[in-house]
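First up is the structure itself, then whatever we jot down about it.
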Amino acid sequence: MAGMDQKPSVQIWKNARLASFREADQGLGIVERGAVAARNGRIVFAGPQAELPAEAEAGAIITDCEGRWITPGLIDCHTHLVHAGTRANEFEMRLAGATYEEVARAGGGIVSSVKSLRAASEDELVAQTLPRLDALINEGVTTVEIKSGYGLDLENEAKSLRAARRLGAERAVTIRTTFLGAHALPPEAKGDKASYIAKVISEMLPAIAAENLADAVDGFCEGIAFSPGEIAQVFEAAKAHGLPVKLHADQLSNLHGAALAASFGALSVDHLEYTDEAGAAAMARAGSVAVMLPGAYYFIREKQKPPLEAFRKHGVKLAVATDSNPGTSPLTSVLLAMNMAATLFEMTVEECLAGTTREAARALGLLSETGTLEAGKWADLAIWDIESPAELVYRMGFNPLHARIWRGQS
Ligand code: DI6
Ligand code: FE
529 MAGMDQKPSV QIWKNARLAS FREADQGLGI VERGAVAARN GRIVFAGPQA
579 ELPAEAEAGA IITDCEGRWI TPGLIDCHTH LVHAGTRANE FEMRLAGATY
629 EEVARAGGGI VSSVKSLRAA SEDELVAQTL PRLDALINEG VTTVEIKSGY
679 GLDLENEAKS LRAARRLGAE RAVTIRTTFL GAHALPPEAK GDKASYIAKV
729 ISEMLPAIAA ENLADAVDGF CEGIAFSPGE IAQVFEAAKA HGLPVKLHAD
779 QLSNLHGAAL AASFGALSVD HLEYTDEAGA AAMARAGSVA VMLPGAYYFI
829 REKQKPPLEA FRKHGVKLAV ATDSNPGTSP LTSVLLAMNM AATLFEMTVE
879 ECLAGTTREA ARALGLLSET GTLEAGKWAD LAIWDIESPA ELVYRMGFNP
929 LHARIWRGQS
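Numbering of the sequence shown is given in the working numbering, commencing with residue 529 and proceeding in unit increments.
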C-alpha cells in the first residue's frame, strides 16, 4: 500500500505576491499576482499566476496564499552555530571596559569556547545547537553555513563538523559545513603558530577532506589570529584537496586579507570593515562575495564601517549573515541582521534582502540550487504576513513568518 501514502508530487502556491530575486529582473523581481509550482522538491514554475500551465493544476496540492508574500527561503551564509556554552561573562567584562582584544589576550575569547567545546560530546553539541538552529528556521531560513573553529585539533574539529552535518539530518534544512582550523591558536601550541598551521595542513585538513566533513575552508586573518602568509599556506592546501575557500578578513585591521582571499578565488570574504579600495577591486575581479556581519560590528562596538561605496563602485556582490557565535555575535536572527545592515551600514532594503537570499546562495556556491524563485531550483520558500518586503528589514524583533517550505515540504 506504499503508493497510497505518496503525496501528489505537484504542489502549487497561488494568490501570492512574489519577490523572486531573479537576476534577470530588476530589483526584487516582484510579481504582484504570482504563483509557484514545485514537483519532487524542485520549483517547476515561479511567475505570474496567469501563466501557470493549466495542466500543472490537475491533481496538485494547492495552497491559497491569500495575497501573502513569498520570498526564497532565507540563507545564513556565515555562522559558528556549533559551539558549547556561552561567553556571557566576557560580555560583562567588556561592559566594565575591557576590549575584545584585551579579553582575548587575557586567555578568554575564542580559547574559552575551545575549552567548552572540547569538553562536550558530539551529542551534547547537537543538543546545544538545535535551539539556535530552530531560531533561524523559525524565521524562514532554509540554508545555514556552519563553521568549525572551536576544536582546534583533529578530534574536536571533526566532532564539530560531524555535529553540523547531523543537524542537517535532524531538521529540514540545508547545512553547508566549513573547516575553520585556522581560527585561533590552541593553548597547547604555546604560541607556535608555524607548527600549528603545519598541523592544520598536514594532519587535520587531509583527514577532514577524506571523511567529506567540509564543503569549504575558512581562516581568520588578523593580528590576534593568523598572518596572510599563514592563511595562504592553508588555502594552498585547501585547493590541493579541491575545496573552495573563504576568509574572515580585515575585521579589526587591514592586513589586505580581502585581496589575498580574492587571489585564491574565494567564494566570499567576510567582515571587511578595514578593507581598502584595492581589496574591493580584487574581490570584484575574482567574483568573491562580500559578506557583511553587522551583528559582530554592533556587539563589539566597532567604529569602522565596511567600505560599502567601494563595493558598489566595483560591483562586488553583497551578502548579510549573522556570524552567530558566542564571542562577538550571539545573534540567531537573520531578520535582525538585515535591520542592522540597513541601520548601521546604510545598506538598502534590496541589498539586505538579496544579501540573505540570492547573494548568500552565491557566497556558498549554491546559486544554481537556491536563493531565487526560479524553475529548476530547490523549492525553498518563505511565506510572509507582510504588506511589503521592506517590512522584513524595517522591524526589530518581530517575526512575520507565515510558513516555511524546504525542498517542497512544510
Ligand atoms: N571573527 C569573529 O567575529 C569570530 N571569529 C572570527 O574569526 C569571533 C569568534 C569568537 O570570539 O568566539
Ligand atoms: Fe565569523
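Where a beta carbon is used, it is the ideal one built from N, C-alpha and C, also for glycine.
Ligand 2 has a heavy atom closer than 7 angstroms to the beta-carbon of Asn-853. Within 7 angstroms of the C-beta of Gln-656 there is not a single heavy atom belonging to ligand 1. If you check the C-beta of His-611 against ligand 2, you find no heavy atom less than 7 angstroms away.
Taking non-hydrogen atoms of ligand 1 into account, the C-beta of Ser-641 is found less than 7 angstroms away from one of them.
The nearest non-hydrogen atom of ligand 2 is 7 angstroms or more from the C-beta of His-769. Bounds of the beta strand (DSSP E) holding Arg-570 are 570 to 576. DSSP places Ser-781 outside any beta strand (DSSP E), giving it a letter other than H or E. Out of Glu-620, Arg-545, Ile-589, Ile-590, the CA that lies nearest to the CA of Phe-827 is found in Glu-620. At least one heavy atom of ligand 1 is found less than 7 angstroms from the C-beta of Ile-638.
Contact between Met-820 and Pro-834 holds, since their C-beta atoms are separated by about 6 angstroms, short of 8 angstroms.
Here the distance from the Cβ of Gln-779 to the nearest heavy atom of ligand 1 is below 7 angstroms.
Taken from the Cβ of Phe-748, at least one heavy atom of ligand 1 lies inside 7 angstroms. According to DSSP, residue pairing for Lys-675 in a beta bridge involves Thr-706. In the three-state scheme derived from DSSP, where H, G and I count as helix and E and B as strand, Glu-560 is classed as strand.
Taking 4 residues as the shortest admissible run, the segment 774 to 851 contains the following complete alpha helix (DSSP H) segments, listed from N- to C-terminal end: 785 to 791, 805 to 814, 822 to 827, 836 to 842. Around the CB of Pro-854, 16 or more other CB atoms lie within 10 Å, so the residue is classed as buried. One thing to note: Leu-661 has its Cβ no nearer than 8 angstroms to the Cβ of His-711. Between the segment 612 to 619 and the segment 916 to 933 there are fewer than three C-beta pairs closer than 8 angstroms, too few to call the two in contact.
Spatial neighbours of Phe-763 in its own chain (CB-CB distance under 6 angstroms, excluding positions within 5 residues in sequence) are listed in chain order as Val-773, Phe-792. In this structure, Pro-756 lies near Gly-785, with their beta-carbon atoms less than 8 angstroms apart. When DSSP states are grouped into helix, strand and coil, Val-538 belongs to the strand group. Taking C-alpha positions only, Glu-801 is separated from Asn-867 by approximately 18 angstroms.
Residue ranges of uninterrupted alpha helix (DSSP H) with 4 or more members, entirely inside the segment 908 to 932 and ordered along the chain, are 918 to 922. With respect to the C-alpha of Gly-575, the residue from Ala-882, Trp-597, Gly-569, Lys-845 having the closest C-alpha is Trp-597. Ranking Val-564, Gln-779, Gly-823 by CA distance to the CA of Thr-803 puts Gln-779 first. In this structure, His-776 has its beta carbon less than 7 angstroms from a heavy atom of ligand 2. Following the DSSP letters along the chain, one finds Gly-747 inside the beta strand (DSSP E) bounded by residues 744 to 749. For Pro-734, the enclosing alpha helix (DSSP H) starts and ends at 733 to 738. Spatial neighbours of Leu-682 in its own chain (CB-CB distance under 7 angstroms, excluding positions within 5 residues in sequence) are listed in chain order as Glu-731, Met-732, Ala-735. For His-842, the CB stays at least 7 angstroms from every heavy atom of ligand 2.
Checking the 7 angstroms criterion, the Cβ of Ala-717 is out of range of every heavy atom belonging to ligand 1. Contact annotation: the segment 895 to 911 touches the segment 597 to 607, with at least three C-beta pairs closer than 8 angstroms.
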